[in-house]
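Sequential numbering of the sequence shown, starting at 1, is according to this note's numbering. Positions of the beta carbon are idealized from the N, C-alpha and C atoms, including for glycine. Fair warning: this is a prediction, and the values are worked out from it, not measured in the lab.
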Amino acid sequence: MKTLIIGATGQLGSRLVQKRNEFITQNEIKAFVRPSSDYKKLNCQPSELVFGDLTDKQSLIDACAGIDTVIATATLVFPRVKDCFELDERAGYQNLIEACELCGVKQIIFISIAVPMTTHFTRHSKTYELKKWCEELLISSSVSHTIIRCPLFMDDYFALIGSEIPLAGEKLATVNRSKGITKLLRSFVRRSIEKYGLAWIPGNAHKRQAFIAVEDIAKYCIRVTQKPEFYNRVLTIGGPEDLSWHDVCEVYSELLARKVRPVTLPAPVLFLLSKLTRPFSTVLANQLSILWIIASKECVREAYWDQTLPMVEMLTAKHYLAHKFQRAKVSK
Ligand SMILES: NC(=O)c1ccc[n+]([C@@H]2O[C@H](COP(=O)([O-])OP(=O)(O)OC[C@H]3O[C@@H](n4cnc5c(N)ncnc54)[C@H](OP(=O)(O)O)[C@@H]3O)[C@@H](O)[C@H]2O)c1
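#1: Please report how far the alpha carbon of lysine 179 lies from the alpha carbon of tyrosine 157, in whole angstroms.
#2: Any idea what DSSP makes of glutamate 28, helix, strand or coil?
#3: Give the range of the beta strand (DSSP E) segment to which glutamine 107 is assigned.
#4: Return the chain-ordered ranges of every alpha helix (DSSP H) run that is complete within the region 119 to 144 and spans a minimum of 4 residues.
#5: Our contact map puts valine 50 next to lysine 30 with C-beta atoms below 8 Å; I'd like the distance itself, whole angstroms only.
#6: Tell me the rounded alpha-carbon separation between methionine 117 and arginine 208.
#7: Determine the direct distance from the alpha carbon of proline 268 to that of glutamate 22, and round the result to whole angstroms.
#8: If distances are taken between C-alpha atoms only, which option among His206, Lys171, Cys299, Asp306 comes closest to valine 17?
#9: Looking only at its chain, what residues have a beta carbon closer than 7 Å to the beta carbon of proline 262, apart from the 5 residues adjacent to it on each side?
#10: Can you tell me whether glutamate 89 is buried or exposed? The criterion is at least 16 other CB atoms within 10 Å of its CB, across all chains shown.
#11: According to DSSP, what are the bridge partners of tryptophan 200?
#12: With DSSP as the reference, label valine 77 as helix, strand or coil.
#13: Could you tell me which uninterrupted beta strand (DSSP E) segments, each at least 3 residues in length, are contained entirely in the region 174 to 239, listed from first to last along the chain?
#14: Between glycine 66 and ligand 1, is there a pair consisting of the residue's CB and a ligand heavy atom that are separated by less than 7 Å?
#15: Just how far apart, CA to CA, sit valine 283 and lysine 82?
#16: Given a threshold of 16 other Cβ atoms within 10 Å of its Cβ, counted over all protein chains shown, does isoleucine 148 qualify as buried or as exposed?
#17: Are the region 111 to 126 and the region 283 to 300 touching, with three or more C-beta to C-beta distances below 8 Å?
#18: Answer yes if the region 33 to 48 comes into contact with the region 102 to 110, meaning at least three C-beta pairs across the two stretches below 8 Å, and no otherwise.
#19: Within the continuous alpha helix (DSSP H) that includes phenylalanine 158, where are the two ends?
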């Protein structure tokens, strides 16, 4: 059995590569990377790397030959190079699905988003628009698909609100991909939880989310790989608990033995900033639109959780952050 990981130098893709031995026995992993990707950090054997680009259909056809499952995690939310949503994500995923059809790939696992993709959100966020479009394209294709809709990643959002703790020991963290204006904005809040006890929250701090660790999403991907009972299904997953941002601040307060307070970034302000920045930076406008959606909509377990999913023992926010905190102390 062979599994091709698209987006292998990303946060989730690289975790899947690290967990190569947890797939079913006799599964061979191939990491699809661009020549410009930071692929040396993957510690892959040269035989495990496949070079190509979503924008290059022939490279996808070559990569998909003899592959059983493709796990598609690529996204443009934090691009490292000058990427374009229409070219890399829309045309790119179309190329990928066509290559899978042509090569007789048995299953595509596509990582999507758990918040309902209503027009209200898709017309203002490129990421949401393209996730919806890609889900529809996959469902109408002839390849068996497993769509995994995920809530917010702890690895990203516990860092983006103002902490470096989630980044401890991570070589390919998404947040560290920020560049340009996004990097500048990030530098203002980088360690504000550790330094000032302030967490920058999108929207009302009472809003809850079913935060999940990337480690657990990787486990789900592995559980559904090459399992026909999960073919042609949309699975919505959530973390182990629904937490408000206040709860997240409490976890940080306990960990750092200091009071951590939320500073609210109101939803209308995030929406306005997204509109104002669009003519100058589609990337920043998209990131702000995602924050606006998070500020506007709760994504909780009880509403979306698919009870038919295989069980995975999941990390709570407390365990996740305590583990990262230890790692950060050791690496100092
Ligand atoms: N963060 C969240 O809270 C959240 C929530 C729900 C769902 N998701 C989804 O989870 C998935 C995994 O996210 P992540 O955090 O692992 O993403 P990430 O760290 O930003 O990684 C993105 C990956 O996509 C690759 N890529 C981009 N354009 C490409 C192209 N044209 N050709 C080939 N590869 C390309 C990048 O390669 P380079 O290194 O070469 O740039 C990188 O490996 C995404 O689909 C995301 O939308 C995330």
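Result, derived from the coordinates:
#1: Distance from the CA of lysine 179 to the CA of tyrosine 157, rounded to the nearest whole angstrom, comes to 17 Å.
#2: If DSSP states are grouped into helix, strand and coil, glutamate 28 belongs with the strands.
#3: Under the DSSP assignment, glutamine 107 falls in the beta strand (DSSP E) whose first and last residues are 107 to 113.
#4: Segments of the alpha helix (DSSP H) lying fully in the region 119 to 144: 119 to 122, 126 to 140.
#5: Their Cβ separation, rounded to whole angstroms, is 5 Å, which keeps valine 50 and lysine 30 in contact under 8 Å.
#6: When rounded, the distance between both Cα atoms is 18 Å.
#7: Taking the straight line joining both Cα atoms gives about 44 Å.
#8: Of the candidates His206, Lys171, Cys299, Asp306, Lys171 places its Cα closest to the Cα of valine 17.
#9: Answer for proline 262: Ala199, Ile201, Ala205, Trp245, His246, Cys249, listed in chain order.
#10: Counting Cβ neighbours within 10 Å, glutamate 89 comes out buried, since at least 16 surround it.
#11: In the DSSP assignment, tryptophan 200 forms a beta bridge with Val263.
#12: If DSSP states are grouped into helix, strand and coil, valine 77 belongs with coil.
#13: Counting only unbroken stretches of 3 or more residues, the beta strand (DSSP E) elements lying wholly within the region 174 to 239 are 198 to 202, 233 to 236, in sequence order.
#14: Result no, Cβ not under 7 Å from ligand 1.
#15: Roughly 10 Å separates the two Cα atoms.
#16: It is buried - the Cβ of isoleucine 148 has at least 16 other Cβ atoms within 10 Å.
#17: Touching, per the Cβ criterion.
#18: Contact fails: fewer than three Cβ-Cβ distances are below 8 Å.
#19: Counting along the chain, the unbroken alpha helix (DSSP H) around phenylalanine 158 starts and ends at 154 to 160.
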